[in-house]
Amino acid sequence: MQSNQLDLIPILMQLGLAAGFVFVTIIVSGFLGPKKASKNKDINFECGIESFGNARVPFNVRYFLVAILFVLFDVEVIFMYPWAVNFMELGWEGLYKMGIFMFLLIVGLLYEFKKKGLEFE
Numbered sequence: 006m007q008s009n010q011l012d013l014i015p016i017l018m019q020l021g022l023a024a025g026f027v028f029v030t031i032i033v034s035g036f037l038g039p040k041k042a043s044k045n046k047d048i049n050f051e052c053g054i055e056s057f058g059n060a061r062v063p064f065n066v067r068y069f070l071v072a073i074l075f076v077l078f079d080v081e082v083i084f085m086y087p088w089a090v091n092f093m094e095l096g097w098e099g100l101y102k103m104g105i106f107m108f109l110l111i112v113g114l115l116y117e118f119k120k121k122g123l124e125f126e
């Protein structure tokens, strides 16, 4: 199977269309958006609660730990779908490799339980 540079034209067209859409959307929203500023409109407002203090207060590390763990375990589950679809074709070798994968996943989860990374106060 040979490919040439003409095969890249649809990809470049799609990238150009996406970039053009983003550019046009930003420019048009700047022209069509409201421009009246006032003291009440410029204050920060979050969920019906007036803000107070400094916005640079650091988050608890556990928040980021839970977010990273969610992404990690979510991606690992995504890897299981192609394996399940091709289970019969992969045979015993595929089952063995998925067993290793699941073992490492369970070890990581047990480590998080041991470190109490999923507990909140």
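Quick note on the working numbering: the sequence shown kicks off at 6 and runs consecutively. A virtual CB, placed ideally from N, CA and C, is assigned to each residue, including glycine.
Quick check on this structure: which residue in 40, 27, 45, 83 has the alpha carbon closest to the alpha carbon of residue 103? Nearest to residue 103 by alpha-carbon distance, out of 40, 27, 45, 83, is 83.
Minimum length 3: unbroken beta strand (DSSP E) runs contained in the stretch 34-101: The qualifying runs do not exist here; there are none.
Between 15, 44, 74, which has its C-alpha nearest residue 118's C-alpha? Measuring from the Cα of residue 118, the nearest candidate turns out to be 74.
Suppose you measure from the CA of residue 123 to the CA of residue 27; what does that come to, to the nearest Å? Approximately 38 Å, taken between the alpha carbons.
Give the single residue among 10, 121, 96 whose Cα lies nearest to the Cα of residue 66. Taking residue 66 as reference, the option from 10, 121, 96 with the minimal CA-CA separation is 121.
Closer than 6 Å by C-beta to residue 110: which residues in its own chain qualify, once you throw out the five before and the five after it? Chain order, please. Hits under 6 Å: 81.
Identity of the residue in 96, 94, 88, 116 nearest residue 106 by Cα: The residue among 96, 94, 88, 116 with its C-alpha nearest the C-alpha of residue 106 is 88.
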